[in-house]
Structures are given as structure tokens and as C-alpha cells.
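S.K.: The opening position of the sequence shown corresponds to residue 3 in the working numbering, with each subsequent residue numbered one higher. For each residue, glycine too, the CB sits at the ideal point set by N, CA and C. Note that this is a predicted model, so its numbers are computed, not measured.
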Amino acid sequence: MSRPVIARIHLDALAANLACVRRAAPGTRIWAVVKANAYGHGLQAACAGLADADGLALIEFDQAVRLRALGWQGPILMLEGAFDAADLRTARELRLSLVVHEPGQIEWLRHEDGAPLDVWVKLNTGMNRLGFAAEDWPRLLADLRAIPGVGAIGVMSHFADAETPGGADEAIGRFDAVVRGHEVAQSLANSAAILGVPRAHRDWVRPGIMLYGASPFADRSAADLGLRAAMSLHSALIAVRTVRAGEGVGYGALFVADAPTRVGIVACGYADGYPRIAPTGTPIAVDGIRTRTLGRVSMDMIAVDLGPVPQARVGSPVELWGASIDIDEVARCAGTIGYELMCGLAPRVPLQLLTG
Ligand SMILES: *Cc1c(COP(=O)(O)O)cnc(C)c1O
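1. For the structure I just gave you, are there three or more beta carbon pairs, one from the region 228-246 and one from the region 199-210, closer than 8 Å?
2. Within a Cβ cutoff of 6 Å, which residues of the same chain sit near Leu98, ignoring the five residues on either side of it in sequence?
3. Run through the DSSP bridge pairs and tell me what Gln188 is partnered with.
4. Cβ of His113 versus every heavy atom of ligand 1: is any distance shorter than 7 Å?
5. Check whether the Cβ of Gly210 sits closer than 7 Å to any heavy atom of ligand 1, and report yes or no.
6. Bridge partners for Met344 per DSSP, in chain order?
7. Is the Cβ-Cβ distance between Pro285 and Arg292 less than 8 Å?
8. Spatial neighbours of His12 within its chain, please: CB distance less than 6 Å, with the 5 preceding and 5 following residues excluded, ordered by chain position.
9. Can the beta-carbon of Arg230 be found closer than 8 Å to that of Asn19?
10. Can you give the Cα-Cα distance for Gly252 and Arg112, rounded to whole angstroms?
11. Can we count Ser53 as close to ligand 1, meaning its CB is less than 7 Å from some heavy atom?
12. Just to confirm my understanding: we take Ser302, look at its own chain, exclude 5 residues before and 5 after, and list those with CB closer than 8 Å. What are they?
13. Smallest Cα separation from Gly290: which of Val311, Gly283, Gly133 and Ala305?
14. May I ask you to report which of helix, strand or coil DSSP gives Asn126?
15. Answer yes or no: do Gly358 and Asp14 have a C-beta to C-beta separation smaller than 8 Å?
16. Under 8 Å, do Pro118 and Val152 count as touching if we go by C-beta distance?
17. Just grab the DSSP bridge partners of Glu321 for me.
18. How is Gly57 classed by DSSP in three states: helix, strand or coil?
19. At a threshold of 7 Å, does Phe35 count as lining ligand 1 (C-beta to nearest heavy atom)?
20. Going by alpha carbons, who is nearest to His264 out of Tyr276, Ala224, Gly309 and Gly250?
21. Since Arg31 is in the beta strand (DSSP E), which residue starts that stretch and which ends it?
22. Answer yes or no: does any C-beta atom of chain C fall closer than 8 Å to that of Ala187?
23. Would Glu172 and Gly133 be called neighbours here (beta carbons separated by less than 8 Å)?
24. Short of 6 Å in beta carbon distance, which residues of its chain neighbour Gly29, apart from the five on each side in sequence? Order them along the chain.
25. Might you give, ordered along the chain, the residues of its own chain that have their beta carbon closer than 6 Å to the beta carbon of Val180, omitting 5 neighbours on each side?
26. What residues are listed by DSSP as bridge partners for Ala305?
27. Would Gln107 be called buried (16 or more neighbouring beta carbons within 10 Å of its own) or exposed?
28. Taking the straight line between their C-alpha atoms, what separation do you get for Trp50 and Val245?
29. Would you say the beta carbon of Ser300 is closer than 7 Å to some non-hydrogen atom of ligand 1?
30. Write down every uninterrupted run of the beta strand (DSSP E) in the region 158-227 whose length is 3 residues or greater and which is fully enclosed by it, in chain order.
31. Express the C-alpha separation of Gly254 and Glu342 in angstroms, rounding to a whole number.
32. So Gly283 packs on Leu256, CB below 8 Å; how close in whole Å?
33. Along the alpha helix (DSSP H) that carries Leu146, what are the first and last residues, could you check?
34. Given His203, which residues of its chain have a CB within under 6 Å of its CB, disregarding the five upstream and five downstream residues?
Okay, here's the thing in C-alpha cells:
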């Protein structure tokens, strides 16, 4: 028998979450963001579940090659653009659109010949990570228009704070101050801005996390937002024991029973991508019933409290996160966000694509 840990990818949830983006940002086109192996869900699932997107956006060139091999024929946007001059050849062969955020990337374009590449100029509006100064926009536009290797030009930015009310106002102001009046496609909104900043929707939106059914906000759950978990992480109990009062469980005995306690051992640990730092009390479901983890998460196992699940036996099904356990809640217990847990799903966990 194979180890029971498995990540189920719900293609209908991906499609429903994409429909949710359409309702939230009507009339815009959608770059579905599939970087980091579609936030851990796999590119095959992304191609199937997000087939109605207008384009796919990611970072990794080898994964763009995979998207074409999987049959995705629509636009692909490389969110960090080319990493070296050779990437331009790949971009031309695969018809990739490139973000341009750095002067060197423009130099590579200048020295290219062949079919023109579509580019999106990235402006820095306050994140201070990638992008040109907003004031440089008119000059950049003129420069790029003069390069034969450049096709259609768009302009974009990424918010440092679209999560808090008014948090994106200054960035939008900086962007509009330079871009207003230019007839080029615009793109600003990530998931948080799609849901919370309608005036940032513009021509193309760039949802990531909401497609996968987690919340971009600390204080609003995915369910509240009408999103469905696209990934559920499952395993099973591989041992059950009763520990006496005063006995510890797991490395370092971080949990000590204060009464006789039935404990289940789940085949899932940090080597599967479950956060080691998740403390006693992190929610987990056994046999469909919500209970809590006990003690230290180890590499391949987690202990759980079977108090609320007296019927649990070896083989009882466990949900680590998914429809009954909100990934954002597990993330909060571990001091992180749902994004990190999804992306951190380990390669040894098989992905099972489900249509229903
Ligand atoms: C990752 C990314 C997104 C998606 O962000 P979410 O918060 O997951 O919606 C959008 N735009 C850019 C440039 C990104 O890198």
C-alpha cells in the first residue's frame, strides 16, 4: 500500500473561483497567475481548471515551456521578464509576453531581431522591489516604441498594500499621474485589489491566491468571499494509542496529557509541507470531525487528539486542510499565510486531479 498522504486538486473549484474573479471585475481580462507550480496545485490542474482565463502569468521560463507542452495556446505573461538575453529567444518561440522592469532588459530587446515581443512595462509605485520610477514612463514608452523587436506595450504595477482600505490609494495616484492619457493597456490588481479596490481593475487583472480558494485578507475568510478551496490535503491515521496523564507526545514532549488521552498518528509531516511550527491546537479533521494537533510536528507524522472522535481507528481519513479545515486558519496557527502552505506542498505528495 502507498503512504496515504495526497493532495486533491478540485478543478471545479478552480473554475468557480475564476468565475468569482469575473463577477468581481466585470469587463476586464484575466491573467490567471500560475507561478510556483500554480501555487502548488500543478500546471496540469491549472490548465484544466483555469481554461477560461484570458492569459496565464508566471515567473519561470521552464514552466512556460511546460504550459505550451500541455497545450495552453493563449497569452503567457512572464511576470519578472527575461533573466538573460537567451530568454528572449524562448519568449519569441513560445509567444510569451515579457514584463520589463529593469534597463538591462530593454538593452536585450534592442539587440534582438525577429518577430516583435509584447511587453509590459512595470512601474514602481511604492513597493520598491521591481519596476522603473513612475516619472520615467513617458521616456520608456518612447524608447520602447522605437525598438523594432517590441510589439504591443502595456503598463503595470504591483501594490505593496491592497489589503487595507485606502492602502493602494497613493500607488494608484502615482500610476495615474504618469499614465493618464496614454493609449496603452493597464494592469494593477492582484486578488486583494480585485476584491477590494474596483478602481484598480483597469484592462487586465492578475488574480493568484483567490483562484486557489484562500483569502488575501487577514480578517476575511475565503468562505466569506465566496471562494472554494482548490487544494485539499488528506492522509490517514497509521497508529492509535492512549497516553496516560503526565505522559508527553512527540519530540520534546511539547504536549503533556493532563488526563488519559486517545492520540492518533497521522502520516503527514513537515517533509510533506505541513508547517513544523504549527503548535498544539492547530485544527485538523479526523473522520470528518474537527479536532486539534498535539505536540511537535515531525518530519513524517503529526499527533492528533482523538477525544472528539471516539470512533477513529487506524485508517481513519484525515484532512489537514481543504473544505472542512480552512488553510488560512492552519497558516495563522503557524504564523504565516495560506500562500506559503500551498506553495510549500512537498514534491513527494502526489497530486490527484478531481473534476467533481
Ligand atoms: C503573484 C503575483 C500576483 C498575484 O497575487 P495574489 O495576491 O496571489 O493575487 C499578481 N501580480 C504579480 C506581479 C505577482 O507577482
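M.R.: Result, derived from the coordinates:
1. no
2. Counted from its first residue, the sequence shown places residue 98 at position 96. Excluding positions up to five away in sequence, the list reads Ala66, Ile78 and Met80.
3. Taking the sequence shown and counting its residues from 1, one reaches residue 188 at position 186. Beta-bridge pairing links Gln188 to Val157.
4. Mapped onto the sequence shown, residue 113 falls at position 111. Incorrect: His113 has no Cβ contact closer than 7 Å to ligand 1.
5. One-based indexing of the sequence shown puts residue 210 at position 208. Yes, ligand 1 has a heavy atom inside 7 Å of this Cβ.
6. Looking up residue 344 in the sequence shown gives position 342. Answer by DSSP bridge pairing: none, since Met344 is not bridged.
7. By 1-based counting over the sequence shown, the position of residue 285 is 283. By 1-based counting over the sequence shown, the position of residue 292 is 290. Yes, the pair counts as a contact, with Cβ atoms nearer than the cut-off.
8. For the purposes of this step, residue 12 is taken as the residue at position 10 of the sequence shown. Excluding positions up to five away in sequence, the list reads Ala232 and Leu356.
9. Here residue 230 is taken as the residue at index 228 of the sequence shown, counted from 1. Here residue 19 is taken as the residue at index 17 of the sequence shown, counted from 1. Yes, Cβ-Cβ distance for Arg230 and Asn19 is below 8 Å.
10. The sequence position of residue 252 within the sequence shown is 250, counting from 1. The sequence position of residue 112 within the sequence shown is 110, counting from 1. Those two C-alpha atoms are separated by around 60 Å.
11. Working through the sequence shown from its first residue, we reach residue 53 at position 51. Residue identity check: residue 53 is Ala in the sequence provided, not Ser. Short note on Ala53: C-beta not closer than 7 Å to any heavy atom of ligand 1.
12. Here residue 302 corresponds to residue number 300 of the sequence shown, with the count starting at 1. Note on identity: in this sequence residue 302 is Asp, with Ser being the wrong assignment. Here the set comprises Ala269, Cys270, Gly271, Ala273 and Asp274.
13. As a position in the sequence shown, residue 290 is number 288, starting the count at 1. Taking only the C-alpha atoms, the option nearest Gly290 is Val311.
14. In the sequence shown, residue 126 corresponds to position 124, counting from 1. Strand at Asn126.
15. The count along the sequence shown starts at 1 and reaches residue 358 at position 356. The count along the sequence shown starts at 1 and reaches residue 14 at position 12. Cβ distance < 8 Å, so Gly358 and Asp14 count as in contact.
16. Walking along the sequence shown from the start, residue 118 turns up at place 116. Walking along the sequence shown from the start, residue 152 turns up at place 150. Taking 8 Å as the Cβ cut-off, Pro118 and Val152 qualify as a contacting pair.
17. For the purposes of this step, residue 321 is taken as residue 319 along the sequence shown, with counting starting at 1. Answer is His236 and Ala287, bridged to Glu321.
18. For the purposes of this step, residue 57 is taken as residue 55 along the sequence shown, with counting starting at 1. In the structure shown, Gly57 sits in a strand (DSSP, three-state: E or B).
19. Position 33 of the sequence shown, counted from the first residue, corresponds to residue 35. In the sequence as displayed, the identity of residue 35 is Val instead of Phe. Correct: Val35 has its Cβ closer than 7 Å to ligand 1.
20. Reading the sequence shown from its first residue, position 262 is the one you call residue 264. According to the sequence shown, residue 264 is Arg rather than His. Taking only the C-alpha atoms, the option nearest Arg264 is Gly309.
21. In the sequence shown, residue 31 corresponds to position 29, counting from 1. Run containing Arg31: Arg31 to Val35, per the beta strand (DSSP E) assignment.
22. In the structure shown, chain C cannot be found, because there is only a single protein chain.
23. What you label residue 172 is simply residue 170 of the sequence shown in a count that begins at 1. What you label residue 133 is simply residue 131 of the sequence shown in a count that begins at 1. Not a contact, by the Cβ cut-off of 8 Å.
24. In the sequence shown, the residue the question calls residue 29 occupies position 27. If we look at Gly29 and ignore the five residues flanking it on each side, it has no Cβ neighbours.
25. Working through the sequence shown from its first residue, we reach residue 180 at position 178. Excluding positions up to five away in sequence, the list reads Ala136 and Trp139.
26. Residue 305 sits at position 303 when you count from the first residue of the sequence shown. Paired residue(s): Ile267 and Leu296.
27. Here residue 107 refers to the residue found at position 105 when the sequence shown is read from its first residue. When all chains shown are included, Gln107 counts as buried.
28. Against the sequence shown, residue 50 aligns to sequence position 48. Against the sequence shown, residue 245 aligns to sequence position 243. Residue identity check: residue 50 is Ala in the sequence provided, not Trp. Rounded to the nearest angstrom, the two C-alpha atoms are 46 Å apart.
29. Here residue 300 corresponds to residue number 298 of the sequence shown, with the count starting at 1. Result no, Cβ not under 7 Å from ligand 1.
30. 187-189
31. Numbered from its first residue, the sequence shown carries residue 342 at position 340. Numbered from its first residue, the sequence shown carries residue 254 at position 252. Their Cα atoms are separated by approximately 26 Å.
32. The residue labelled residue 283 in the question sits at position 281 within the sequence shown. The residue labelled residue 256 in the question sits at position 254 within the sequence shown. Wrong, their Cβ atoms sit about 11 Å apart, outside the cutoff.
33. Walking along the sequence shown from the start, residue 146 turns up at place 144. Its alpha helix (DSSP H) spans residues Trp139 to Arg147.
34. On the sequence shown, residue 203 is found 201 positions in, with the first residue counted as 1. Ala27, Thr30 and Ala191, listed in sequence order.
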